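Okay, so the sequence shown: first residue is 4 according to the working numbering, each after it adds one.
As structure tokens, the structure follows; a few thoughts come after it.
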Amino acid sequence: MPSNARSTRLVIVESPAKAKTISGYLGPGYVVEASLGHVRDLPRNADDVPAKYKGESWARLGVDVDNGFAALYVVSPDRRQQISKLTRLAKEVDEVFLATDEDREGEAIAWHLVETLKPKVPVKRMVFHEITRQAIQAAVANPREIDRDLVDAQEARRILDRLYGYEVSPVLWRKVRSGLSAGRVQSVATRIVVERERQRMAFRSAEYWDILATLAVRGTAEGPRTFSATLVALNGDRIATGKDFEPTTGQVKPGAGVMHLDEAGARGLAARLDGRPFTVTRVDEKPYRRRPYAPFITSTLQQEAARKLRFSSQQTMRTAQRLYENGYITYMRTDSVNLSETAIAAARRQIAELYGERNVPPEPRRYTGKVKNAQEAHEAIRPAGDNFRTPGELANELSAEEFRLYELIWRRTIASQMTDAVGSSVSVRIRAVSGAGEEADFGATGKTITEPGFLRAYVESSDDENAEAEDAERRLPNLVKDQPLTAEELAATGHHTQPPSRYTEASLVKSLEELGIGRPSTYASIMATIQDRGYVFKRGQALIPSFLAFAVVGLLERHYPRLVDYNFTAAMENELDEIAGGDHAAVDFLTSFYFGSEMGGDQSVARSGGLKKMVTENLSEIDARSVNSIPLFRDDEGRDVVVRVGRYGPYLQRSLPGAEPAARDTGDGGPPEDTSPAGDRAPIPEGVAPDELTPEKVHELFLGGGGERKLGEHPETGEPIVLKSGRFGPYVASGERKSSLLRSQSPESLTMTEALQLLTLPRVVGVAPDGAEVLAANGRYGPYVKRGDEFRSLESEEQLFTVTLDQALALLAAPKTRQRRAAAPPLREMGADPLTEKPLVIKDGRFGPYVTDGETNASLRRGQTPEALTLEEASEMLAEKRAKGPAPRKRAAKKATAKKAATKATGGETAAKKATAKKTAAKKTAAKKTTAAKATAAKKAPAKKAAPPKAATSAEPTEG
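Below you can see the structure in the form of structure tokens.
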């Protein structure tokens, strides 16, 4: 602490929450006040420009590009009152300490505060990566000067994004749609999402088959008696799997050298192998060892929070900000995986206490990051302090949202300092010779974890929902070479190749990080910007690009390819890092980018004359009609089908080659207007993804030629009856009434009589003796009758219009049959579960297909199909479901500390060697206790929801 105890000091931070926490650690000689975030920025619009600059040609841009890129900064209107308060306080103290965040953005805020307040007293910069008493007092005792290199880098980034946004966005206004924006990073992120959708649109599925054998050892055996093996080769030729097919053709890749089995071939081979002896030909056993994951950095925290907690990037960072400002975690914007010595010691102590000494490695673990030029805070995200508090200890202090994120960070940090997970993996080959002399080789793999190590505390999730968890075991019997086996079942199994998965926020952040695009402080804003601008929308967790995004990305790719080039954008990030390190001058960097330079790389923006020249010269070459057209396919009648992005939204258009309708200039500087006949156009319903516009869907949308067809007028109301098509299929509408077509009906053949009949649904069948109405209606899962909250399914759609009141009441009086109208047969019989030996079947349920052993059900995950699901996958899904136990009640237990949970896990060490289901169940029980603490915290301290930021209307992007 400073020696002059009588002096007073003003400490300025960004937020009131941070100010409140820090003030508690400083003595009475300190005044802690918040700046409320950024205090100055470039002008948002002409009204923000000071009067003396309004006549300058560069004033609207806010950057004097001809004089060293000098920026015009103005105090934000909503910060003026706070600036006045800070100015007054700065005159009343002996020193000013700037305690903004320690990254570039925080350094820039500190510089802007000095430039705005112009204090007459000494100004010092204090930095810290956690808000604890010890860290704050150390920061006060060891201040430094403002780092101008960090400020220059942040200022260069801000100016660069302004130049990009203000030069490129007007091109989009003129050629696509007014009000759009382009950004240095947002446009590249959008391109990544669009490219994935293009791959999905071009994808052609392939069908391939193999044989799943359920094999049994003879006599008694250690471990499971039966296991599953898959056909992998026939007569020495490898059997084709999904990776062997071209995604754009559905054909086997040239030179793959595989045998492609179809259904007939697989079933025939299975029949020829029936009753034949199976023999183990090879057993390869290897030790299994898995090292812990590194502690969280910003990107990995966002990824895991999205996978495990279903948090958006913004939600994660907003919650982490609160945890940091209130002293629970270290600074949350970082790309360093390093842990301080005190943090390592704290983690090792807690591991010994909660999990036992055997889970503490002999030497501390130290991690090195993969991120080049890591430029943010120099420690990973971890619990704050020299002694970590367990989640259970904080259950009554945190909101439910904060608790879940803190627990994630705590577990990841603890796991990073634990021992390796150790076990063994085994690969087995089995051969059988068919009656026709064919040599069929089957393969099976197993994994046993003998010492879970760090997996006791943390298991990382995957973006692939079908991926096997790292702590999952696949147990095989103890097999030896030449051991005879018996085939209990040989099931020919069909599979279909799947299109590449859409990006989620988690996987997009991961992709940006791998490409070197963006930095820890920008990921969340990038995710928000591409959605706020209408370029991407969410369906569940998946990010789907709009057709507007296709048009914008197409324009940039064709006419400004360098601006959306991944390597170029990453190189710009590296140059900004060099500025932060003092190795590059900001003015030289901006001059080269904007005006051009011979020093730039081949085909770079600088070598091509700079951004200003590139945008100006290329503008006349851009054909607005072309960039707003997304070709789909040529239909059966030889017409080219395209999506046009119009001023009122996207629509379909079809025309014969060479007979495209002319476009009319609207005269307002926007894209040209289509003049094709209405019958050649059809609107695209909101929410339809680009890859869903298959020939069948397009045909449905066109219907009578204009996206809807008038069938006639309603005889009772006189209102038109119109046949339309929406995201969920065709429907009829008249006035406010709508009704979907039945499964047995088609848009082409629907008659006026059928439409009138549909519009009677839901139909009042009559009134029950208790006075309640009885209705017949068509739902998502088929036709049904209803009285109050009681539902019963009808056997056919025709009964919707014929069922009588007596028949409906009889159905409603009968016991529920769980939709088993005629005891529908299972979709597929899979054989015996390797763990429980119960027969597994796949059934079609109310919410889609699911696998069951008669007691436990598990819904098929996204991307899984009844035909492609393997026995091993089904067994693991059911084991996970059993381990989770019954759904937790809404009222949770009052308290359950993570320490108890961890002790449970430690106590179950010997059980780790047992079957997967038992081990997982023990772990899940511990997890449930922690969940109880979460529920308690949620009730005691509900999180306040911040108002979502309004989408900016300026041409400038939120983050470039």
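Just so it is clear, CB atoms sit at the ideal spot from N, CA and C, and this is done for glycine as well.
Just so it is clear, the structure is predicted and the values come from calculations on it, not from any experiment.
For residue i: DSSP bridge partner residues
i: Thr763; result: Paired residue(s): none; Thr763 is not in a bridge.
i: Glu832; result: Val844
i: Phe230; result: Leu218
i: Tyr853; result: Lys846 and Ser862
i: Arg477; result: Lys450
i: Ser752; result: BP columns for Ser752 are empty, so no partner.
7 Å Cβ shell around residue i - same chain, five flanking residues per side excluded
i: Val645; result: Ser632, Ile633, Pro634, Leu635 and Gln656
i: Glu473; result: Arg293, Leu458, Val462 and Glu463
i: Arg823; result: Any answer about Arg823 is weak, because its pLDDT of 41 lies below 50 and its placement is not dependable; what the coordinates show is given next. Nothing listed; no residue qualifies.
i: Val68; result: Trp61 and Tyr597
Through-space distance from residue j to residue i, alpha-carbon basis
i: Asp580; j: Leu566; result: 19 Å
i: Pro523; j: Ile529; result: 11 Å
i: Val77; j: Asp638; result: 57 Å
i: Leu183; j: Thr525; result: 20 Å
i: Leu401; j: Val52; result: 43 Å
i: Lys97; j: Lys21; result: The sequence shown places Asp at residue 97, rather than the Lys named in the question. Answer to the nearest angstrom: the Cα atoms are 22 Å apart.
i: Phe248; j: Gly641; result: 28 Å
i: Lys922; j: Arg336; result: Low confidence applies to Lys922: its pLDDT is 39, below 50, so where it sits in the model is not reliable enough to give any reading.
i: Tyr370; j: Met421; result: 13 Å
i: Ile625; j: Ser172; result: 14 Å
i: Gln137; j: Gly30; result: 13 Å
i: Ser802; j: Gln748; result: Strictly speaking, residue 802 in this sequence is Gln, with Ser absent from that position. Between Gln802 and Gln748, the C-alpha separation is close to 15 Å.
i: Ser658; j: Trp176; result: 27 Å
i: Asn1; j: Leu753; result: Beyond the ends of the chain as shown, which are 4 and 963, falls residue 1; an answer cannot be given.
i: Glu133; j: Ile139; result: 8 Å
i: Gln305; j: Phe314; result: 8 Å
i: Glu516; j: Thr855; result: 40 Å
i: Ser384; j: Ala583; result: Here the sequence assigns Ile to residue 384, which means Ser is not the residue at that position. Computed Cα separation, rounded: 22 Å.
i: Ala349; j: Pro455; result: 21 Å
Proximal residues to residue i (C-beta, below 8 Å), its chain only, five neighbours per side dropped
i: Val66; result: Leu45, Phe72, Ala73, Ala74, Leu75, Ile162, Arg165 and Leu166
i: Gly268; result: Trp212
i: Gly613; result: Ser595, Phe596, Tyr597, Phe598, Gly599 and Ser600
Beta carbon of residue i nearer than 8 Å to that of residue j
i: Val235; j: Gly446; result: yes
i: Pro852; j: Leu830; result: yes
i: Val220; j: Pro480; result: yes
i: Ala111; j: Met129; result: no
i: Thr303; j: Arg434; result: no
i: Thr229; j: Thr244; result: no
i: Asp104; j: Tyr334; result: yes
i: Ile214; j: Ala495; result: yes
i: Leu559; j: Ser190; result: yes
i: Gly395; j: Thr135; result: no
i: Ser339; j: Glu382; result: yes
i: Glu328; j: Gly497; result: no
i: Leu237; j: Ala443; result: yes
i: Thr500; j: Leu546; result: no
i: Glu576; j: Ile520; result: yes
i: Pro367; j: Ile347; result: yes
i: Pro250; j: Ser419; result: no
i: Gln85; j: Ser18; result: no
i: Val788; j: Ala817; result: no
Residue i beta carbon near the ligand PLP (any heavy atom closer than 7 Å)
i: Val425; result: Absence of the ligand PLP is noted for the structure shown, with no ligands found whatsoever.
Nonlocal neighbours in the same chain, by C-beta distance under 6 Å from residue i, ignoring five residues either side
i: Ser430; result: Asp287 and Thr448
i: Pro548; result: Val196, Val197, Glu200 and Val539
i: Met320; result: Ala527
i: Arg310; result: Ser464 and Ala509
i: Leu761; result: Val735 and Ser742
i: Asp150; result: Glu110
i: Ala870; result: Looking at the sequence provided, one finds Glu at residue 870 rather than Ala. Answer for Glu870: Gly497, listed in chain order.
If contact is defined by three or more beta carbon pairs under 8 Å, each pair taking one atom from either stretch, is the stretch 46-62 in contact with the stretch 18-34?
Output reads no: the stretch 46-62 does not touch the stretch 18-34.
Check whether the stretch 421-430 touches the stretch 446-457, taking contact to mean three or more Cβ pairs, one atom from each stretch, closer than 8 Å.
yes
Decide yes or no for the touch test of the stretch 398-408 against the stretch 258-268: beta carbon pairs closer than 8 Å, at least 3 of them.
no
Tell me, please, whether the stretch 785-801 touches the stretch 735-743 by the rule of three or more beta-carbon pairs shorter than 8 Å.
no
With three or more C-beta pairs closer than 8 Å as the rule, is the stretch 756-773 touching the stretch 804-811?
yes
Pairs of beta-carbons, one from the stretch 142-149 and one from the stretch 584-599, closer than 8 Å: are there three or more?
no
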